[in-house]
Amino acid sequence: MAALLLLFVTGLSGCGKREVVLEFAMFNGSNWDVAIQDSYPPIDEAIRKFEQQHPGVRVHYDSGIPKSDYSEWLSRKMLEGETPDVMMILDSDFSRFTELGMLEDLEELAAKDPTFDESVYYETALAAGRMQGGQYALPMETVPYLMFVNKTLLNQENIPIPQEGYTFADLYDICRKVTKDLDGDGIPDQFGIYKYTWVEAAYANGAELFSEDGESCDFTSRELLGAIRFVKSLEELNQNQKVTQEDFDNGRVAFMPLSFAEYRTYQTYPYKIKKYDSFQWDCIAMPKGPLGDNVSIVDSLNVGISARSSHKELAWEFLKLLTSDPEIQTAVYQYDPAASVLPAVTESPEASAVMSESFQGTAPMMDGVFISQVIRSGKVKPKFAAYQEAVQLADGEILRIYDEDTDLENAMRLIQRRVQSFIQR
Amino acid sequence: MKKTIAEKQNNLALLLLYGVCFVTAVSAAGFIWITTDRILSQYEAREFLGTIDRIPGDSFHVLLWVSACMVFLGMSFLLRLRLKGRGERLIFWSLLFDFIVGFCAVAVLDFNYNGILLWVFANILVYVRKNRLWPIITGVGILSYTFTGFELISIRMRVFDIADYIHVYGSSTQMYLFGVWNFLEILTLVSFIGCCLVIIVNKEEELEKTNELYAQLAVANENLKQANEELSDIMEENAKMVQVRERNRIAREIHDTMGHTLTGIAAGIDACIALSDSSPELVKQQLRVLSEVSRKGIADVRHSVNELRPDALERLNLETAIRQMVDNMQQVSGTEISFSCSVPVLKFDEDEEAVIYRVIQESITNALRHGHASKIWIAIDRKEWDGKLHLSISDNGCGCGEIKEGFGIRHIRERIRMLNGKVSFASDGGFRVEAEIPIRWGEEYD
């Protein structure tokens, strides 16, 4: 007994003398499914800075884990009882890990820290790490969805690019005008819009599909019905023709929603995929529904702290450095084609310089203030584990409505019941 | 201390319960560890996390902690077995230790198995002597068992569920695993109930035994009281007896000394009267002897009064004393007295010597007083065949037709009986006293 105790005490004191190793978990590559050269330099920079500020502390991470394996890799770590102190969390894992109690609620750490100011972040980006009334992660990168516009096509049709605050009606009008049969085979081969779904329309029309806790849903609201009707009307313009990515790449589609990350990737050297060099293009905000606003969906890459970490204070310091240090955020901005979570960085001349460095002339230089505005007015997807599946379930049903032309309100009541029973399960 | 059957039964029941708890707790933790390993090896970690409520930190640590807790509980049980009956304070602390360690083990297993608490309470029940504490302990036991039950805890807290780990396996294995798990849980309950029954039955028996002993003690007390009363009666009687005996002894002493001396003097005076005409010289001589005898008689009386013990014997050894007495009597009474002794050294215990001396003295007195004998034969010898001392005094006096036990003969009989001897009297032309005395021969006497 005494010997065991002695061993334990020596073990403890031995631990005390050794340097503290902070485990950081990250994946290689971009969170936004675009190709990037290297995701480690900004992290290495952050680690160098952190270790300088905290002598005796070392930050360690495993490199080379692709995003596709990351979720399994992190889950294994958790099951093995080796949850990293600080970790990037995929959107698909965030709510599950929070429910499992694996993530530390940061409110307490934030409250204790006088140097922490949450107003430096975009509120929308912070919201992505909020769940069940707690802040379980801080955003490291954020990406809004924008409307990609084929300027060449609109010019050909003598249609001006929609102005700020354009509406569903404006969009419909343009789409109706551009949908044409160019080769005279009786089938339209130029289209208005591609990849615009009822989900984007619902956000733009101010529909709230789920309650914040994910306990209830509302699929019978006026806003949603309006959004679905609007998308259906857009579909109907295509006269049953399926619009494809190829049509868009060939410059025969006027509009397509696109993430900011894709936008930056495709317009930035050296990763420019010269897909879109046959036409000139631009990005604008999403259209505004009659009951809503020009609202985009905003996604964020979350970084959290393990609830089982034994170095929570240090983990918090590192997390803060990664997410709120302007220098690090600028480095992140350089290497990953997302927007910074700090308005100060996104709107800074340095960020503009990064963009203009690779400006190729096919697209206008992205205005940081415009991006900031889109992010600020954007909305995050609800945070609960069944969200993705619930939306997929509803999507399948709504696609059937488009095809079968049934009574919308009745069909939506049915969907309401099905989705409600699904999320309660 | 020797273990009673009840203790052995209690310990056996506890040991069984401990075995069941140990196997269940350790195999639950081991199962979680093995299953985690399986999940990892099949790359199903994320899928598994999608189906559960909580994961234990490190499943191997869970196994280690649970095993350690169970070993600690076992050690504390052994300690109590060794202490059995002693060190109540230590037993109390060890039971408290058990409660804390048991609770830790239950918490480490995320309340999937709280049978360990049953083990702790079975132990407490064994050691609680005060019956009024039973309801409290039972209450605390039931409450803590209920509120650490998985179903209740999982409502209020995030806990991992062993069922989630069982669901990892194929459906046929699942059935088997659920079967084993339920069996172990039920076995724990059954063992606990069995254990309680054994403890309660043994306590009852202990109580009955105690009551029985109390009853026996009461009876013994009553008997003792009675015996005490009887004893004090006997003591009183004894005191009276001693008094009576002492009176008898005094009477005997007076009779022995005074009677003997006076008899001798009377015989001497008779002789003087007979001689006074013929030989004044002899009379003078005789009177001198008488004077001496009477002085000796006075001394005897004094001595009897003081010590109630024969003087001659005190000063002289038995043989000399007898010879002196014989000479004196010959001179005083003119009777021829022969004394023969075949025992080389006449040296016995004081009471024996006194009895022999008195018996001879009494017999001579009787022979002179009642038999008017002219010859007296005294013989002391030891017979090889029975090892007793044979004393015989006979005379050639007139004897008597019918032996009437007077004071003298009765005293001879009493004295001989005091030494567990036998005495017989015969009168066939003269009088004969025959006595057998079982002398306590010492080695030095042979």
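Just so you know, the sequences run in chain order Y and P.
Going by the working numbering, the first residue of the first sequence is number 1, and it counts up by one from there.
Going by the working numbering, the first residue of the second sequence is number 426, and it counts up by one from there.
C-beta: ideal position from N, C-alpha, C; glycine also.
**Report entry** the stretch 757 to 766 of chain P contacting the stretch 796 to 815 of chain P, beta-carbon criterion three pairs below 8 angstroms
**Finding:** Enough Cβ pairs lie closer than 8 angstroms, so yes.
Requested in this report: Could you name the residues of the stretch 477 to 492 of chain P whose beta carbon sits closer than 9 angstroms to any beta carbon of chain Y, in the order they occur along the chain?
Outcome: Ile477, Asp478, Arg479, Ile480, Pro481, Gly482, Asp483, Ser484, Phe485, His486, Val487
Query - Beta-carbon neighbours of Arg417(Y), restricted to chain P and to distances below 8 angstroms - result: Within chain P, no residue comes near Arg417(Y); the closest Cβ sits about 25 angstroms away, beyond 8 angstroms.
Requested in this report: Could you list the residues in the stretch 55 to 74 of chain Y with a C-beta less than 7 angstroms from some C-beta on chain P, going in chain order?
Outcome: Ser71, Glu72
Query raised in the report: In chain order, what residues of the same chain have a beta carbon less than 6 angstroms from the beta carbon of Thr573(P), not counting five sequence neighbours either side?
Result: Val531, Phe536, Asn539
Report task. Indicate whether at least one CB of chain Y lies closer than 8 angstroms to the CB of Tyr601(P). Result -> no
Query raised in the report: According to DSSP, is Phe856(P) helix, strand or coil?
Result: strand
Query - Exposed unless 16 or more other CB atoms sit within 10 angstroms - verdict on His60(Y) - result: exposed
Requested in this report: Leaving aside the five residues before and after Lys288(Y) along the sequence, list all residues of the same chain whose C-beta is less than 8 angstroms from its C-beta, in chain order.
Outcome: Excluding sequence neighbours, Lys288(Y) sits near Gly165, Tyr166, Thr167, Phe168, Ala204, Asn294, Val295.
Report task. Run down chain C in chain order and give the residues with a C-beta less than 7 angstroms from the C-beta of Ile591(P). Result -> In the displayed structure, chain C is absent; the protein chains listed are Y and P.
Requested in this report: Quick one: measure Cβ to Cβ for Leu342(Y) and Ser324(Y), integer angstroms, because I've assumed they're closer than 8 angstroms.
Outcome: 7 angstroms
Report task. Take Asp181(Y) and list the residues in its own chain whose beta-carbon comes closer than 7 angstroms to its own, dropping the five residues that flank it on each side. Result -> Ile187, Pro188, Asp189
Query raised in the report: If you follow the beta strand (DSSP E) that Asn150(Y) is part of, which residue opens it and which one closes it?
Result: Start and end: 138 to 150.
Query raised in the report: What is the residue span of the beta strand (DSSP E) that Glu19(Y) lies within?
Result: Unbroken run through Glu19(Y): none, as it is neither H nor E.
Requested in this report: Would you mind sorting Gln52(Y) into buried or exposed? The rule is 16 or more other CB atoms within 10 Å of its CB.
Outcome: Counting the other CB atoms within 10 Å of its CB gives Gln52(Y) a total below 16, which places it among the exposed residues.
Query raised in the report: If you compare alpha carbons, which of Val298(Y), Glu389(Y), Val345(Y) is closest to Gly368(Y)?
Result: Residue Val345(Y) holds the alpha-carbon nearest to the alpha-carbon of Gly368(Y) among Val298(Y), Glu389(Y), Val345(Y).
Report task. To the nearest angstrom, report how far apart Arg308(Y) and Leu322(Y) are at their CA atoms. Result -> 20 angstroms
Requested in this report: Determine, using beta carbons only, whether Gly101(Y) comes closer than 8 angstroms to chain P.
Outcome: yes
Query - Residue-chain proximity (Leu393(Y), chain P), Cβ-Cβ < 8 angstroms - result: no
Query raised in the report: Nearest to Arg264(Y) by alpha carbon, out of Pro337(Y), Ala227(Y), Trp316(Y), Phe248(Y)?
Result: Pro337(Y)
Requested in this report: Report yes or no: is there a C-beta of chain Y within less than 8 angstroms of the C-beta of Ala645(P)?
Outcome: no
Query raised in the report: If you draw a straight line from the alpha carbon of Met495(P) to that of Val21(Y), how long is it in whole angstroms?
Result: 33 angstroms
Requested in this report: Tell me whether His592(P) sits in a helix, a strand or coil according to DSSP, three-state version.
Outcome: coil
Report task. Tell me, to the nearest whole angstrom, how far the beta carbon of Ile161(Y) is from that of Lys177(Y); I am working on the premise that it is less than 8 angstroms. Result -> Rounded, the Cβ-Cβ distance is 13 angstroms, inconsistent with contact.
Query raised in the report: Near Tyr387(Y), what residues of its chain come up, given a Cβ to Cβ distance below 8 angstroms and the 5 sequence neighbours on each side ignored?
Result: Ser95, Phe210, Gly214, Lys381
Query raised in the report: In angstroms, rounded to a whole number, what distance separates the CA positions of Ile401(Y) and Ile423(Y)?
Result: C-alpha separation (whole angstroms): 21 angstroms.
Query - Validate contact between the stretch 392 to 410 of chain Y and the stretch 140 to 149 of chain Y using beta carbons, cut 8 angstroms, 3 pairs - result: no
Report task. Check the Cβ-Cβ distances between Arg583(P) and every residue of chain Y, and say whether any is below 8 angstroms. Result -> So, interface residue.
Query raised in the report: According to a CB-to-CB cut-off of less than 8 angstroms, which residues of the stretch 79 to 95 of chain Y neighbour chain P?
Result: Leu79, Glu80, Gly81, Glu82, Asp93
**Report entry** Segment contact flag, the stretch 38 to 57 of chain Y with the stretch 66 to 86 of chain Y, C-beta cutoff 8 angstroms, min 3 pairs
**Finding:** Too few Cβ pairs lie closer than 8 angstroms, so no.
Query raised in the report: Hey, which unbroken runs of the alpha helix (DSSP H) at 4 residues or more fall wholly within the stretch 521 to 563 of chain P?
Result: Within the stretch 521 to 563 of chain P, the complete alpha helix (DSSP H) segments at least 4 residues long are 540 to 552, listed from N- to C-terminus.
Requested in this report: Tell me, to the nearest whole angstrom, how far the beta carbon of Leu393(Y) is from that of Arg418(Y); I am working on the premise that it is less than 8 angstroms.
Outcome: 7 angstroms
Query raised in the report: Would you say Arg308(Y) reaches chain P, if we count a Cβ-Cβ gap shorter than 8 angstroms as a contact?
Result: Cβ-Cβ to chain P under 8 angstroms: yes for Arg308(Y).
Query raised in the report: With a cut-off of 8 angstroms, do at least 3 Cβ pairs link the stretch 108 to 123 of chain Y to the stretch 213 to 232 of chain Y?
Result: no
Requested in this report: Evaluate Gly826(P) with the Cβ neighbour count: other Cβ atoms within 10 Å of its Cβ, from every protein chain shown; 16 or more gives buried, anything less gives exposed.
Outcome: exposed
Requested in this report: Tell me whether Ile89(Y) sits in a helix, a strand or coil according to DSSP, three-state version.
Outcome: strand
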